[in-house]
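Asker: All residue numbers for the sequence shown refer to the UniProt record's numbering, where the first residue is 1 and numbers rise by one.
Starting off with a structure, shown below.
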Amino acid sequence: MKIAIVDDDPIVCQSLATILAATHTAEVLWIANDGDAAVSRYFASPANHPDVLLIDIQMPGKSGIDASKEILKKDPAARILFLTTFADQSYIAQAMALGAKGYLIKQDVTAVGPALQAVMAGQVVLGAEVLGKLTGDHATARGNDSAYESGESIEGLLNERERDIATLVAQGLDNRDIAAQLCLSEGTVRNRISAILDKLGLTNRTQLAIEWIREHR
Numbered sequence: 001m002k003i004a005i006v007d008d009d010p011i012v013c014q015s016l017a018t019i020l021a022a023t024h025t026a027e028v029l030w031i032a033n034d035g036d037a038a039v040s041r042y043f044a045s046p047a048n049h050p051d052v053l054l055i056d057i058q059m060p061g062k063s064g065i066d067a068s069k070e071i072l073k074k075d076p077a078a079r080i081l082f083l084t085t086f087a088d089q090s091y092i093a094q095a096m097a098l099g100a101k102g103y104l105i106k107q108d109v110t111a112v113g114p115a116l117q118a119v120m121a122g123q124v125v126l127g128a129e130v131l132g133k134l135t136g137d138h139a140t141a142r143g144n145d146s147a148y149e150s151g152e153s154i155e156g157l158l159n160e161r162e163r164d165i166a167t168l169v170a171q172g173l174d175n176r177d178i179a180a181q182l183c184l185s186e187g188t189v190r191n192r193i194s195a196i197l198d199k200l201g202l203t204n205r206t207q208l209a210i211e212w213i214r215e216h217r
């Protein structure tokens, strides 16, 4: 696995690189210390595209959120995993809404290696503290007009087939794999996911995965 690290603290960058190399978890392609540098390095060459981009939130100049938005706009397949000291619900919501594959708190450095492997396997990864924040505020990932109100369960709002699909989305499967597993067409899966998102007032499958994980952890 090849990764890139973006953090304004050189010590953090070097420590992560050392730990990941020592555990044979990942090869570090490059390191950047701010969002602008990250975008430049990412698009300097196709060879610079990491399997997973490990990025901080707050940095001088362009933030990790803004840099990730720019990268995902040009490369929607990019896997972005946030690693930050900030557990604010607003940051978590922004990160997951833009399509990040995970959000970890720096204090839990031992979780970085397994998290990278989980992201590579197609899973959405949330640290324990992040899940706690989401549990404390069910509305973080939902729209204001959602029929999914506080106290109601996803189980009660979705039918059996929709629950099957939501389970597989939370496991990180893409539409093709979900279709194959449930013997459906990709178009049907895509339409069913859109219907689920509308029903729950969510905007993307990552938010659906978060809500499903939160409710079933």
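Glycine included, each C-beta is placed from N, C-alpha and C at the ideal position.
Going by the DSSP bridge assignment, what does W30 pair with across the sheet?
Answerer: Working through the sequence shown from its first residue, we reach residue 30 at position 30. Answer by DSSP bridge pairing, in chain order: A4.
Asker: Leaving aside the five residues before and after residue 266 along the sequence, list all residues of the same chain whose C-beta is less than 6 angstroms from its C-beta, in chain order.
Answerer: No information on residue 266 is available, as it lies outside the stretch 1 to 217 that the chain covers here.
Asker: Mind checking who T84 pairs with in its DSSP beta bridge?
Answerer: Residue numbering aside, residue 84 sits at position 84 when the sequence shown is read from its first letter. Bridge partners of T84: I105.
Asker: Hey, out of L81, V39, M59 and P60, whose CA is closest to E70's CA?
Answerer: As a first step, residue 70 is located in the sequence shown; it is residue number 70 there, counting from the start. Among L81, V39, M59 and P60, the Cα nearest to that of E70 is on V39.
Asker: Taking the alpha helix (DSSP H) that V12 belongs to, which residues open and close that run?
Answerer: Here residue 12 refers to the residue found at position 12 when the sequence shown is read from its first residue. Its alpha helix (DSSP H) spans residues P10 to A22.
Asker: Contact defined as beta carbons within less than 8 angstroms: I believe residue 267 pairs with V124. What is the distance between those atoms, to the nearest angstrom?
Answerer: The requested residue 267 is not part of the displayed model; the chain covers only 1 to 217.
Asker: How would you write the range of the alpha helix (DSSP H) that V52 sits in, first residue to last?
Answerer: Numbered from 1 along the sequence shown, position 52 holds the residue referred to as residue 52. From DSSP, V52 is part of no alpha helix (DSSP H) but of the beta strand (DSSP E) over V52 to I55.
Asker: Please name the residue in A22, V6 and I55 whose C-alpha comes closest to that of I31.
Answerer: For the purposes of this step, residue 31 is taken as the residue at position 31 of the sequence shown. Checking every option, the nearest Cα to that of I31 belongs to V6.
Asker: Within 10 angstroms of its Cβ, does K101 collect 16 or more other Cβ (buried), or is it exposed?
Answerer: The sequence position of residue 101 within the sequence shown is 101, counting from 1. Buried, by the Cβ-count rule.
Asker: Secondary structure at V125, three-state DSSP: helix, strand or coil?
Answerer: Within the sequence shown, the letter at position 125 stands for residue 125. Three-state DSSP puts V125 in a strand.
Asker: Are there 16 or more other CB atoms within 10 angstroms of the CB of A77, so buried, or fewer, so exposed?
Answerer: In the sequence shown, counting from the first residue as 1, residue 77 sits at position 77. Classification for A77: exposed.
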